[in-house]
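In my numbering, the protein residues as written are 1 to 258.
Heads up, the beta-carbon is just placed ideally off N, CA and C, and yes, glycines get one too.
Nothing here was measured: the structure is a model prediction, and the numbers come from that model.
Before any comments, here is the structure.
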Amino acid sequence: MGRARRGARRLRHSAGGLTTMAGNSALALSCSPRGPKGSTALVLSEFLEGIREGGGSVEVLEPYRMNISPCRGCFSCWTKTPGVCAIEDDMAALNARLDRADTVVFATPVYHFTMSEGMKRLIERTMPLLDPEVRPGPDGRARHARLGRRDQRAVLVATCGFPELQVFDGLRRTFSDICDMMEWSPAGEVLRTGSGLLSSRDARAREAAAGYLLLVRGAGRAVAGGGMIEPECRHHLESDLLPREEYFRLVNGWFVKR
């Protein structure tokens, strides 16, 4: 108990204070090392604004600005101190927050075809929320049962620089397996290819980005109301912002100017 309390105190200090969530609460984990300056944060911000408009409460934490050490693989949280990690940092309090939120939103850029290092490090530290006993899941695959809540939902918000949706394949598969293990019900995905166009000064790109961000906000409202991001909405969210030739011209032109 002492460890968890100390972790909670550190988390309040590092994250600038935590608010109480009630009802339709969302915990958003903004896992981009670029923080508020990146495309991931921009898309996440609009999605969360939609949740607020839909009557939900929102809390945002940035793992890269918190004290979260890598998992040591010592299994102390399953053996010596069940449910309590041996590492004394912000993760004890964050796991408690994860267990209380109605909806968990993970936001990450795609780095080398998967999630950011910060998101991976956070996920690995959720082992105290799992039962060490291995048993078959509903699909027959071996798994660890979830301790605590089992009625939560999860949303993946992800951005990538390339224009093809296939770039997300590895991340989507990994996140799906994580949801199965944590017993989170997937509520949808917001995947943005060619995300560099969101900050372009080109007039056509700016117009396309503005329309796209309105769609993202609408997806947030749908999730806040207890619904999901429906296939039709996903189709529009995943459509190209601009024709491919325009994408290549603008993106490559940006690097030349740098």
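### Those runs of the beta strand (DSSP E) which lie wholly inside the stretch 81-163 and span at least 3 residues
Within the stretch 81-163, the beta strand (DSSP E) runs of at least 3 residues that lie entirely inside it are, in chain order, 103-109, 130-136, 142-146 and 153-159.
### Message
I'd like the list of long-range same chain contacts for L237, defined as Cβ closer than 8 Å, with 5 residues on each side in sequence excluded.
### Response
Taking the sequence shown and counting its residues from 1, one reaches residue 237 at position 237. Sequence-distant Cβ neighbours of L237 in its own chain, meaning closer than 8 Å and more than five residues away, are V190, L191, R192, Y212, L215, V216, A219 and I229.
### Message
Tell me which residues share the same chain as M283 and place their Cβ nearer than 6 Å to its Cβ, disregarding the 5 neighbours each side in the sequence.
### Response
Any answer about residue 283 is impossible in this case: the structure gives the chain only from 1 up to 258.
### Enclosing beta strand (DSSP E) for E189 [first to last residue]
In the sequence shown, counting from the first residue as 1, residue 189 sits at position 189. Counting along the chain, the beta strand (DSSP E) containing E189 begins and ends at S185 to R192.
### Integer-rounded CB distance, given that A187 should sit under 8 Å from R153
Residue numbering aside, residue 153 sits at position 153 when the sequence shown is read from its first letter. Residue numbering aside, residue 187 sits at position 187 when the sequence shown is read from its first letter. Rounded, the Cβ-Cβ distance is 4 Å, consistent with contact.
### Query
R72 to E117, Cα distance in whole Å?
For the purposes of this step, residue 72 is taken as residue 72 along the sequence shown, with counting starting at 1. For the purposes of this step, residue 117 is taken as residue 117 along the sequence shown, with counting starting at 1. Going by the C-alpha atoms only, they are around 15 Å apart.
### Same chain only: Cβ atoms within 8 Å of A86, ignoring 5 sequence neighbours per side
In the sequence shown, counting from the first residue as 1, residue 86 sits at position 86. Excluding five sequence positions before and after A86, the CB atoms of its chain that fall closer than 8 Å to its own CB belong to R72, C74, S76, C77 and K80, given in chain order.
### Query
What is the DSSP secondary structure of E59, counted as helix, strand or coil?
For the purposes of this step, residue 59 is taken as the residue at position 59 of the sequence shown. Note: E59 maps to strand in three-state DSSP.
### Own chain residues within Cβ distance below 6 Å of R125, not counting five before or after
What you label residue 125 is simply residue 125 of the sequence shown in a count that begins at 1. Result list for R125: C71 and M91, in chain order.
### Message
Please classify S195 as buried or exposed, where buried requires at least 16 other C-beta atoms within 10 Å of its C-beta.
### Response
Walking along the sequence shown from the start, residue 195 turns up at place 195. S195 is buried by the Cβ-count criterion.
### Query
Helix, strand or coil: how does DSSP classify L29 here?
Counting from one through the sequence shown, the residue named residue 29 turns up at place 29. In the structure shown, L29 falls within a strand segment according to DSSP collapsed to helix, strand and coil.
### Task
Alpha carbon to alpha carbon, how far is V251 from L266? Give it in angstroms, no decimals.
Since the first residue of the chain shown is 1 and the last is 258, residue 266 is not available in this structure.
### Query
At which residues does the alpha helix (DSSP H) containing G54 begin and terminate?
Translated into positions along the sequence shown, residue 54 becomes position 54. Where G54 is concerned, there is no enclosing alpha helix (DSSP H), given that its DSSP letter is neither H nor E.
#### Entry: Assumed close pair F47, V167 - CB separation to whole angstroms, cut-off 8 Å
Here residue 47 corresponds to residue number 47 of the sequence shown, with the count starting at 1. Here residue 167 corresponds to residue number 167 of the sequence shown, with the count starting at 1. Contact doesn't hold; Cβ gap of about 20 Å is too wide.
### CA nearest to the CA of R141, picked from M119, V60, M181 and C160
Residue mapping note: residue 141 aligns to position 141 of the sequence shown, counting from 1. When each option's Cα is compared against that of R141, the closest is M181.
### Task
State the start and end residues of the unbroken alpha helix (DSSP H) segment that holds E207.
Locating residue 207 in the sequence shown gives position 207, where the first residue counts as 1. Element bounds for E207: A203 to A224.
### Query
If N95 and L44 are in contact, beta carbons under 8 Å, what's the gap, nearest whole angstrom?
Taking the first residue of the sequence shown as 1, we reach residue 95 at position 95. Taking the first residue of the sequence shown as 1, we reach residue 44 at position 44. The distance from the Cβ of N95 to that of L44 is about 21 Å, inconsistent with a contact at the 8 Å cut-off.
### Query
Going by the beta-carbon positions, is the gap between G170 and F113 smaller than 8 Å?
As a position in the sequence shown, residue 170 is number 170, starting the count at 1. As a position in the sequence shown, residue 113 is number 113, starting the count at 1. Yes.
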